[in-house]
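First comes the structure, then the notes that go with it.
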Amino acid sequence: MVRNVYLYAVMLVTLVMMIGGSVAVIMSASDYFVPGPYYDTYESYAQNHAHNVKEGFAEEVSEEDLRARFQLERDTYLDNQRAYAANSMVKSLAWVLIPLPVFLISAGRLRKAKPE
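Read in order, the letters of the sequence shown are residues 1 to 116 in UniProt numbering.
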């Protein structure tokens, strides 16, 4: 009797862990395929660069070079978001895969313990 209660408790805990991990995997997958938006606009970026040039922190560059730098910064931001989401997805997958064998072993022992 106590053994069965223990096995059910183990199964409950591992099931909750797997559900939480599954939700986190789905959320990370959505972040990977649809990363968060990049909020800075080119106009804001150009204005900030002009201010830095005026203050002596940056050198004057052409419009094309400034646009290329902005695009590179935007692409780098999105790549970093995707890399973080992929990393998070792998970590969340561990919350599904690690408790799974414990759950299956406990379920098997419960089936063996039940009189037929």
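The beta carbon of each residue, even a glycine, is placed where N, CA and C say it ideally should be.
Your pair SER88 and SER30 does not check out as a contact, with CB atoms roughly 11 Å apart and the cut at 8 Å.
For ALA107, the enclosing alpha helix (DSSP H) starts and ends at 99-113. Taking a contact as a CB-CB distance under 8 Å, the pair SER106 and ALA24 does not count as one, their CB atoms being some 23 Å apart. GLY20: member of the alpha helix (DSSP H) spanning 2-33, first to last residue. Under the three-state reduction of DSSP, SER62 is assigned to coil, being neither helix nor strand.
TYR84 sits in a helix when the DSSP states are folded into three classes.
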